[in-house]
Structure formats: C-alpha cells, structure tokens
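See below for the structure under consideration.
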Amino acid sequence: MEALTARALSKNYRTRQGTVNALDRVDMTIGKGQLFGFLGRNGAGKTTFIKIASGLLLPTSGTIQLFGLDVLGHPREVRERIAIVPQEGKPFYHLTPREHIEEYLRVRGASAESAKSTADELLEAMGLVPYSHTPAMLLSGGLQQRTLVAMVLATGAEFLFLDEPTLGMDPFARRQVWEVVRRTVKRGSTVLLTTHYLDEAEQLTEELAVIEGGHVLYKGTAEALKSKVRREVRLHFAGGFTARELEPYGEVYPERGGLTVMTTRSRVEELTRVALERRIGVNVGPVTLEEAFLTLVGRSIEEDEPGGAWA
Amino acid sequence: MTWRTQANAVGRICWFNGILGLLRSPLVFVALFLTPLSFLFFLLVVAPRAELPYGVVGGVLFSCLFTGSGMMNDCAYLRLERQMQQVFITSPLRPISWVLGMALSELMFTIPALVLFLGVLTLVKPIGPSSFLALIGVILLTWLLASSLGFLLSTFFRTLREIWPIGMVVFTSLSVLPPVFYPLAAVPASIRWVAFLSPSTFASQLAVNAAGLATTPVPSLSVLSSAAGQLIGLVFLTLTFIAVAMWLARWREP
Ligand SMILES: Nc1ncnc2c1ncn2[C@@H]1O[C@H](COP(=O)(O)OP(=O)(O)O)[C@@H](O)[C@H]1O
Ligand SMILES: [Mg+2]
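Same order as they appear, the protein sequences are chains R and A.
Residue 387 in this note's numbering sits at position 262 of the first sequence, with consecutive numbering throughout.
Residue 28 in this note's numbering sits at position 17 of the second sequence, with consecutive numbering throughout.
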C-alpha cells in the first residue's frame with residue numbers, strides 16, 4: 126500500500142500583491158517504508174506540500190491521502206500516525222533536550238519508563254548527551270535544531286515529515302541526523318524530508334522528487350537523475366567569460382555570480398588554459414547532482430540564497 | 012487515545028509549560044506579583060474604605076482575566092515563532108487538549124497573584140467557607156472564559172507584531188472599563204445593562220455576590236440581577252468562545 130498519495134494537489138496563497146501559485150496540480154506517491162526526499166530551491170513549494178500533507182494547511186484543490194485515509198476528512202486518525210519537524214521550528218526556551226523528548230513522548234501517550242529509555246537512546250544518537258540538562262535557550266541554533274529533530278524522530282511515528290531537518294547544522298551533526306533517520310526507517314517508519322542540500326538528497330534519500338515553482342520536475346533515484354546529464358565535467362568561472370564564448374563548449378548556466386559550463390573531458394584543457402591566460406579562477410569537477418539539478422531546473426539550487434556556499 | 016491519556020497529556024503540558032516555565036524564570040514570578048500589588052497599593056491609597064473589598068475582588072478577577080492575555084500571547088508565540096503548536100497537534104493529542112493544557116499553564120502563572128488577593132480579601136472582608144468555594148468557582152469560570160477568548164484571538168494573528176495592540180485593547184477594556192475594580196452601583200441605573208456587554212461584568216457580579224458584598228440591581232434587564240442569570244450568562248459566553256475557537260481555530264491556515 127502507498128503511504129502517501131496526492132492527486133492534482135494545488136495551493137494558491139492570496140496576498141496583497143496577488144495570488145501565489147505555490148503548488149500546481151501536483152501528483153505524488155510515496156511508498157510505505159520509503160525514505161523520500163523533496164529537493165528544491167527556496168520557494169519551490171516543499172513546505173506548502175508538507176503542511177497540507179500533515180493537515181496544517183488546506184489545499185486549494187486536489188486530494189491527499191495518508192495510508193489510504195483522506196487527510197482533510199480524517200484529521201484525527203491521520204494525526205495519530207504522524208509527527209512533523211516544521212521548518213524553522215524552535216524548542217521551548219526553558220526546557221532541556223531530555224525534557225523535550227520525554228515530555229513530547231508522554232504527551233503522545235508513552236509511559237514514563239519508555240519515554241525515558243527512548244530519550245536515552247536519542248540523546249546518545251544525536252550527540253546531545255553533553256547538553257541533555259541544558260535549557261534550550263542556552264544552546265546554539267544547531268543544537269536547538271537537533272533537539273527538535275530528536276523529539277520528533279523519537280516518536281517513531283508511522284509517517285515522519287521532516288522539513289529541512291538539518292538546516293543550520295554542521296556537517297558532523299548532519300551525518301548523525303542521517304544515521305538516526307535511516308534507523309527510524311529501518312524500524313518501519315516512512316519519511317518525507319525536504320532539503321536543498323544536494324548531498325543530503327543524494328546520500329540519504331532512496332528516492333527523490335525535484336520540485337520547482339510548484340511543479341514536480343522529476344521523480345526517481347538520484348543516480349538516474351545524474352545519468353540524465355550527458356557531459357562529464359563541469360567548469361565554473363568566477364567571471365571573465367561571456368555566456369556566448371562558452372556556449373560552443375556545452376550547456377552554460379549562471380551560477381554564484383559566475384558561469385558554469387558542462388562539457389566533455391577533451392575540452393577541459395583548452396578552457397582552463399584560456400582562463401589562466403585571462404588570470405581568472407576556474408573550478409573543475411565531475412558532474413554531480415548539482416549539475417543534474419542545474420540541467421533540469423535551469424537554475425542553481427542555491428540561487429535566491431544570499432551567502433550560499435561556494436563549494 | 013483515551014480520555015485518560017488525553018487528561019494525562021493536559022497535565023504534562025501544564026507541568027512543563029506552566030510550572031517549569033514559572034520555576035525557571037523568577038523574573039516572571041516577580042512580574043506576576045508586581046502588577047496586582049501595584050493595583051492593591053493604588054486601591055489602598057485612593058479607594059474609599061467601604062469600597063476596598065470591591066477593589067480586592069476586582070484584583071482577583073483582574074488576575075483571572077489576564078490569564079486570557081497570557082493565553083493569547085503564548086499560543087500565538089508558540090504557533091508563529093516556535094511552531095511548537097504544530098508539533099504538538101500533529102500527534103494523537105486532541106486540539107482541545109492542547110488548548111486546555113495551555114490554559115492550565117496560564118492558571119499556574121496567576122496563582123501567586125490569586126493567593127495574594129484572596130489573602131487580602133479575607134482580611135478586609137471575612138468570608139465563610141461556602142462563600143470561599145463559590146468564589147473559587149467564579150475564579151475558575153472566569154479563567155475558562157478568558158482563556159477561551161485569548162485562544163480564539165490568538166488564532167487570528169499572522170505575525171507577532173499584531174498581538175500587542177490587540178491584547179492591550181481587548182484585555183484592558185475587559186478589566187478596566189467595566190465594573191471590575193469598582194461597584195456596578197457606580198454605573199447609572201438606566202444604562203447599567205450596558206456594562207453586561209462585557210463578559211467580565213458577569214464574572215465580577217458573581218464574584219461580588221460570592222464574597223457576600225452588596226449586589227446591585229439591573230433595572231432594565233432584571234434577569235441580570237440574579238446570580239443564576241449571571242451564572243448562565245457566564246457559562247454560555249465561555250462555551251460560545253470555546254466553540255467558536257474550535258470551529259475557527261486556524262489549525263489549518265486558510
Ligand atoms: N503564507 C503564505 N502566504 C503567501 N505566500 C506564501 C505563504 N507561504 C508560502 N508562500 C509562497 O509560496 C511559495 C512556496 O513556498 P514554500 O512552500 O515555503 O517553499 P519551500 O518550502 O520550497 O521553500 C513561495 O513563493 C512562497 O513565497
Ligand atoms: Mg520550506
């Protein structure tokens with residue numbers, strides 16, 4: 126059975142400036158026990174989908190079911206089976222990570238003993254043991270986020286929605302979260318997580334959907350997505366070239382204030398030489414999910430994000 | 012989840028949000044005492060001796076009414092800024108249990124002030140055990156009324172900035188304008204019914220009655236003169252606010 130089925134799901138937000146079409150007739154299925162990822166730029170529609178799927182937001186039209194239950198028609202039954210890490214959620218100021226996990230589990234109906242032993246396990250797995258008795262207000266943003274993720278993953282709910290769960294975490298902490306997410310899926314949960322980290326999408330999810338402008342542009346594995354790009358090498362120039370100059374070598378995209386061209390191995394030397402003659406920095410690498418995304422969407426996943434990392 | 016587990020969850024929310032919140036922010040504790048204490052001081056200085064008990068009962072009600080302000084602030088804050096409401100209601104917890112847990116938390120915050128005012132009341136107007144119990148009943152009803160109104164209001168906000176002015180307008184006009192701190196008798200008899208446009212007047216007249224102070228007739232609407240009429244009015248308003256809040260509550264943003 127499918128864990129999630131959405132049919133022609135649309136959401137229009139009405140604002141003073143006009144109507145924003147955040148989701149446009151989206152069809153989506155996620156299998157039971159899957160670790161599924163939504164990959165997309167800021168504003169693509171990922172959070173909107175999660176809010177609708179978890180019953181926090183009404184769609185404009187379309188249907189969505191969780192475990193065969195209509196989310197709008199059976200909110201109570203659906204809510205008993207889910208848990209969510211909202212984007213930009215924050216823990217309570219005055220409670221410690223341990224209290225967050227234990228109290229949340231007990232509110233959800235767990236006994237004191239099982240809440241305690243689950244908290245022990247999660248605090249350990251998420252690297253929160255040294256902070257387990259520190260009120261959240263004294264923790265860094267990354268540790269607060271880990272606390273939030275820990276309390277929600279601790280539920281082991283049948284369907285877990287994780288909206289940008291590793292936002293603002295250092296790489297080590299992100300890998301800890303990935304480990305716990307994998308383990309939770311092994312124990313039978315279905316996970317839908319959103320991310321705009323390509324490595325997260327590639328290394329963590331079993332299947333992913335690329336979302337842009339409220340549309341699903343791709344659904345499948347990260348491997349299959351990468352194989353859609355026929356070129357082998359990507360070159361990024363910080364400046365000094367025009368798009369027209371580069372077009373004969375392959376597909377050109379504006380990226381991080383410069384230009385990226387995807388080309389074949391045989392042209393690399395020539396392009397590098399010209400760049401060095403012009404005293405321009407050049408960054409050479411293999412085609413990754415990043416280029417696949419660029420090819421599919423036509424824009425870098427970091428676009429619109431001031432200060433996006435220059436890898 | 013069964014009723015028992017829901018009740019248990021309500022108790023947990025009250026514990027970690029209300030009691031732990033109170034114990035861990037001593038400044039809140041001070042602030043909670045300070046407002047009613049200032050009022051009491053003010054009353055002692057300006058109120059005529061005979062009207063002092065009305066003022067003290069007013070302090071009790073003021074504290075109850077301001078649980079609604081706290082409710083509005085905290086519910087809006089936990090939904091908009093922390094997104095904790097979303098975390099808690101996407102769970103087996105019923106929305107009404109979340110609201111009740113939050114309301115109980117707010118009651119914890121106001122207990123210090125209530126104890127203070129009730130203590131002073133027994134000094135200025137000795138009351139028997141049955142009156143005391145009746146007064147506790149009115150306190151609980153007023154708390155429920157204010158909490159349901161506070162929660163209802165919290166559901167309308169889209170940003171935290173809207174909260175402060177609305178809270179000031181609503182809760183000040185509930186507690187300062189109507190006869191909460193002064194006797195209803197001070198309102199001219201012909202327009203006394205107007206005071207009952209504010210839900211807090213029902214609560215204050217019941218409290219005055221419970222404390223054994225002289226009550227005031229409402230000539231144009233005599234049903235409002237009786238304790239039974241006032242009680243029914245208060246319960247009706249509270250249930251209405253809860254129902255509207257549950258109906259409108261933006262668990263799902265529009
Ligand atoms: N409450 C809202 N009111 C108006 N527009 C909104 C609201 N929430 C989101 N949007 C708009 O809808 C689009 C999708 O947003 P969102 O689902 O948050 O994307 P993502 O999570 O992929 O970054 C964006 O253009 C965003 O500006
Ligand atoms: Mg988002």
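In this text, a Cβ means the ideal position worked out from N, Cα and C, and glycines have one as well.
Top-ranked residue by Cα proximity to residue i, from the options
i	options	result
LEU43 (chain A)	A:THR16, A:PHE120 and A:MET12	A:PHE120
LEU148 (chain R)	R:ARG369, R:PRO411 and R:HIS340	R:HIS340
TRP109 (chain A)	A:LEU129, A:GLN241 and A:GLN17	A:GLN17
LEU152 (chain A)	A:THR78, A:LEU235, A:PRO47 and A:ALA20	A:THR78
ALA20 (chain A)	R:ALA208, R:GLY143, R:GLU376 and R:TYR229	R:TYR229
LYS241 (chain R)	R:ILE226, R:MET251 and R:GLY252	R:ILE226
VAL310 (chain R)	R:ALA279, R:LEU323 and R:GLY338	R:ALA279
ARG15 (chain A)	A:ALA218, A:TRP175 and A:PRO103	A:PRO103
LEU235 (chain A)	A:LEU259, A:PRO210, A:THR251 and A:PHE252	A:PRO210
LEU285 (chain R)	R:ARG299, R:VAL306 and R:THR291	R:VAL306
GLU283 (chain R)	R:ALA349, R:ILE209 and R:GLU394	R:ILE209
PHE53 (chain A)	A:PRO230, A:SER215 and A:PHE192	A:PHE192
TYR343 (chain R)	R:MET153, R:GLY214 and R:ALA131	R:MET153
VAL187 (chain A)	A:PHE27, A:SER74 and A:VAL56	A:SER74
LEU329 (chain R)	R:THR221, R:VAL354, R:GLU289 and R:ARG398	R:GLU289
LEU160 (chain R)	R:PHE174, R:LEU129, R:GLU380 and R:VAL254	R:LEU129
ALA326 (chain R)	R:ARG300, R:ARG308 and R:GLY423	R:ARG300
LEU208 (chain A)	A:ASN220, A:ILE122, A:VAL229 and A:LEU55	A:VAL229
GLY313 (chain R)	R:LEU253, R:GLY158 and R:GLU370	R:GLY158
THR173 (chain R)	R:ARG141, R:GLY156, R:GLN212 and R:GLY143	R:GLN212
ALA347 (chain R)	R:GLU332, R:VAL196, R:VAL316 and R:GLY338	R:GLU332
ARG35 (chain A)	R:GLU304, R:LEU194, R:GLU357 and R:LEU220	R:LEU220
ALA222 (chain A)	A:GLY66, A:PRO37 and A:LEU146	A:LEU146
GLY338 (chain R)	R:ALA400, R:ILE155, R:SER179 and R:ARG424	R:ARG424
VAL180 (chain A)	A:LEU127, A:VAL98, A:ARG60 and A:SER80	A:SER80
LEU224 (chain A)	A:TYR65, A:LEU127 and A:LEU125	A:TYR65
Residues near residue i in its chain [Cβ-Cβ closer than 8 angstroms; skip 5 each side]
i	result
VAL39 (chain A)	GLY32, LEU33 and PHE120
ILE405 (chain R)	PHE362, ALA363, GLY364, GLY365 and PHE366
MET294 (chain R)	GLY267, GLN270, ARG271 and VAL302
SER215 (chain A)	VAL68, GLY69, LEU72, PRO189, PRO190, VAL191 and LEU195
ARG206 (chain R)	LEU191, PHE192, ALA282, GLU283 and PHE284
LEU323 (chain R)	LEU164, THR413, LEU414, GLU415, PHE418 and ILE426
ARG356 (chain R)	GLY375, GLU376, MET387, THR388, THR389, VAL412 and GLU416
Cut-off 6 angstroms between Cβ atoms - residues of its own chain near residue i, not counting five sequence neighbours on either side
i	result
ARG403 (chain R)	GLY365
PHE163 (chain R)	LYS171, THR319, ALA334 and ILE336
ILE24 (chain A)	GLY112
ALA165 (chain A)	Reading the sequence as shown, one finds Ser at residue 165 (chain A) and not Ala. Once the five neighbours on either side are set aside, the close Cβ partners of SER165 (chain A) are MET83, CYS86 and ALA87.
ALA434 (chain R)	Residue confidence is low: ALA434 (chain R) scores 37 on pLDDT, short of 50, so the model does not pin down where it sits. Its coordinate-derived value is still stated next. There are no such residues.
VAL145 (chain R)	TYR138
ASN408 (chain R)	HIS361
GLN96 (chain A)	LEU89 and ARG90
ILE253 (chain A)	SER159
THR291 (chain R)	ARG299 and VAL302
THR420 (chain R)	VAL354
Residues of its chain near residue i, where Cβ-Cβ distance is below 7 angstroms and the 5 sequence neighbours each way are ignored
i	result
THR249 (chain A)	LEU152, LEU155, LEU156 and SER159
SER135 (chain R)	LEU148, ASP149, ARG150, PRO184, THR185, SER186 and GLY187
TYR374 (chain R)	VAL386, THR388, ARG392 and LEU396
LEU129 (chain A)	VAL71
LEU371 (chain R)	VAL377, LEU384 and VAL386
VAL149 (chain A)	ALA214, LEU217, ALA218 and ALA221
Distance cut-off 8 angstroms: residue i Cβ against heavy atoms of ligand 2
i	result
GLN270 (chain R)	no
GLN94 (chain A)	no
GLU289 (chain R)	yes
GLN97 (chain A)	no
GLN212 (chain R)	yes
THR420 (chain R)	no
THR16 (chain A)	no
THR319 (chain R)	yes
Near ligand 4: residue i beta-carbon under 8 angstroms from a heavy atom
i	result
PHE167 (chain A)	Ligands in the displayed structure: ligand 1 and ligand 2; ligand 4 is not one of them.
(request) Could you say if the region 234 to 242 of chain R and the region 260 to 275 of chain R meet the contact criterion of at least three C-beta pairs nearer than 8 angstroms? (result) no
(message) Residues around ligand 1, please: the condition is that the C-beta lies closer than 6 angstroms to some non-hydrogen atom of it.
(response) R:TYR138, R:THR140, R:VAL145, R:ALA147, R:GLY165, R:ASN167, R:GLY168, R:ALA169, R:GLY170, R:LYS171, R:THR172 and R:THR173
(request) Pull out every residue of the region 196 to 219 of chain R whose Cβ sits closer than 7 angstroms to any Cβ of chain B, in chain order. (result) The chain inventory of the structure shown lacks chain B, comprising the protein chains R and A.
(request) May I ask you to verify whether the region 185 to 202 of chain A touches the region 135 to 142 of chain A, counting CB pairs closer than 8 angstroms and requiring at least 3? (result) no
(message) Check whether the region 414 to 422 of chain R and the region 195 to 205 of chain R are in contact - that is, three or more C-beta pairs closer than 8 angstroms.
(response) no
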